[in-house]
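Protein chains in written order, with my numbering: chain S, 2 to 300; chain E, 62 to 124. Beta carbons are placed, not taken as given, at the ideal position from N, Cα and C, and that holds for glycine. Structure first, commentary second.
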Amino acid sequence: MSILSLHLAQLVRSNPTVTAAWYDDPQRPTTLHVCTAGNPPHQALNLPNQMPDLPVIFHSVDPFNTLIERHPLPSPQNNHQTCQDEPVKLGCQVQPANANWVGTGGAPCSWKDATAKRRYGILSNWHVMANGQPEAGRPIHQPDTGRPMLAMLSNWSPVVRDGDNKIDAAIADAQINGLHTISPDVLDVGKLNPDPGKANPGLAVCKSGRTTALTCGTCVAVGATVQVGYGDFTATFVDQDVFEGDNESFSAPGDSGSLIVTQASHSPIALLFAGNSQLTIGNPIRHVIDRFNLSFLLN
Amino acid sequence: MCKCTIQSPALNLELDLKPRADLLTCLVPALLTAMPAFIQAYMACITGGSGSGNFKPGDRPRC
């Protein structure tokens, strides 16, 4: 972690009312952006030693939380929440076994297992597919546990309470009885560009998710430090991408696990995992790719 | 009653035919049932560029 991003993490941790912070330019910052839950603090921010003395822009926003939808669920509001026959297009609602929540199965992807055999499956979040029962083989259903298994939990990166997190991600193997349950297409998006990209402020993006379906927006910031509520604990995430919707909210509870892609070419950019009514947070996809040696090339 | 099942309707067909199975009432319908998945797997294989065609989306009912 660079000194500048270390400062951001210290700033967020040492100011209880601060929920997120980022620089306008992570390499050559000229402005510091600070999110607070409620009004900006009356007293001066507790700034880490040697942090650059920059103008501060405060954003008064709701706290950031993971974006799962808990039971009881309303009747399906769109085709991202209804049952699909195979091959299932992702960007749809999924529910793990023994869970009282749903999230989004974000995107088809592939990786190599311990025997170097290529596997094909679903990318989503740890808190959507693994939380509560992090066991390889845990059934993942679509749209809920009342329908047949879509995939089996394969690998995950647990979120730690103490320390810095970079990703909240999990993958599930979608091969059932010799065939794959999933389509190479994502609902309302179509085929993904297998070449991942990198977010930068101003980048036009879209996502396909369980609750708000297809929404498009803009990258607001990169390299952000964010405090995210997980219900019974709060976790710190560093080096995160921040997005906002163009004319509507970019995400809502139930959209956790969605893949954020570029509007122009559908290149994977980030894994959506948290947000509030104003802003959405995504793990840069390069961190997810590195963790699981992931590919979006399906053949 | 004949027994005629296709275990994996992809490139490797496994047929389980009992003696005197009626081809018209058993094997042919089974092959027709498997045909879409067979064609899908075949197309994935030949259009997969440098890939091996290992990604074989099924077309089974779930709902």
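- For residue 5(S), the three-state secondary structure derived from DSSP is helix.
- With its beta carbon less than 8 Å from one in chain E, residue 299(S) belongs to the interface.
- Beta-bridge partners of residue 119(S) (DSSP): 113(S).
- The region 32–41 of chain S and the region 55–69 of chain S touch, with three or more beta-carbon pairs separated by less than 8 Å.
- With fewer than 16 other CB atoms across the displayed protein chains lying within 10 angstroms of its CB, residue 39(S) is exposed.
- In this structure, DSSP gives residue 261(S) an extended state, which the three-state scheme calls strand.
- Beta bridge pairing from DSSP links residue 183(S) with 89(S).
- Per DSSP, reduced to three states, the secondary structure at residue 78(S) is coil, with no helix or strand assignment.
- Residue 297(S) is a Cβ neighbour of residue 110(S), given a cutoff of 8 Å.
- Here residue 174(S) carries a strand assignment [DSSP, helix/strand/coil].
- In summary, the residues of the region 75–86 of chain S whose CB is separated from some CB of chain E by less than 9 Å are 83, 84, 85 and 86, in the order they occur in the chain.
- DSSP, read as helix, strand or coil, puts residue 38(S) in coil.
- Residues of chain E whose Cβ lies closer than 7 Å to the Cβ of residue 140(S) do not exist, since the nearest Cβ in that chain is about 13 Å away.
- A direct Cα-to-Cα measurement between residue 248(S) and residue 143(S) gives close to 29 Å.
- Listed in chain order, the positions of the region 251–273 of chain S with a beta carbon within less than 8 Å of a beta carbon of chain E would be empty, since no residue qualifies.
- Of all C-beta pairs linking the region 116–126 of chain S to the region 168–183 of chain S, three or more are shorter than 8 Å, placing the two stretches in contact.
- At the C-beta level, residue 284(S) and residue 199(S) stay beyond 8 Å of one another.
- Contact annotation for residue 53(S) against chain E: no contact, minimum CB-CB distance about 48 Å [criterion: below 8 Å].
- If you ignore the 5 residues before and after residue 65(S), its C-beta comes within less than 7 Å of the C-beta of 20, 21, 227, 228, 229, 230, 275, 276, 277 and 282, all in its own chain and listed in chain order.
- For residue 53(S) and residue 27(S), the gap between their C-alpha atoms comes out near 12 Å.
- Beta bridge pairing from DSSP links residue 65(S) with 229(S).
- Near chain E, meaning a CB-to-CB distance below 8 Å, the residues of the region 170–201 of chain S are 177, 178, 179, 180, 181, 182, 183, 184 and 185.
- In the three-state DSSP reduction, residue 288(S) falls in the helix class (H, G or I).
- The beta-bridge partner set that DSSP reports for residue 192(S) consists of 186(S).
- With a threshold of 8 Å between beta carbons, residue 231(S) makes no contact with chain E.
- As the crow flies, the alpha-carbon of residue 265(S) is around 27 Å from that of residue 239(S).
- Within the region 134–164 of chain S, contact with chain E at the beta-carbon level (separation under 7 Å) is assigned to 148 and 149.
- In this structure residue 268(S) is in contact with residue 197(S), their Cβ atoms being roughly 6 Å apart against a cut-off of 8 Å.
- Contact between residue 206(S) and residue 221(S) is ruled out by a C-beta separation of about 11 Å, above the 8 Å threshold.
- Residue-level contact by beta carbon holds for residue 119(S) and chain E, with a gap shorter than 8 Å.
- The beta-carbon of residue 88(S) is placed less than 8 Å from the nearest beta-carbon of chain E.
- Beta-bridge partners assigned by DSSP to residue 166(S): 238(S).
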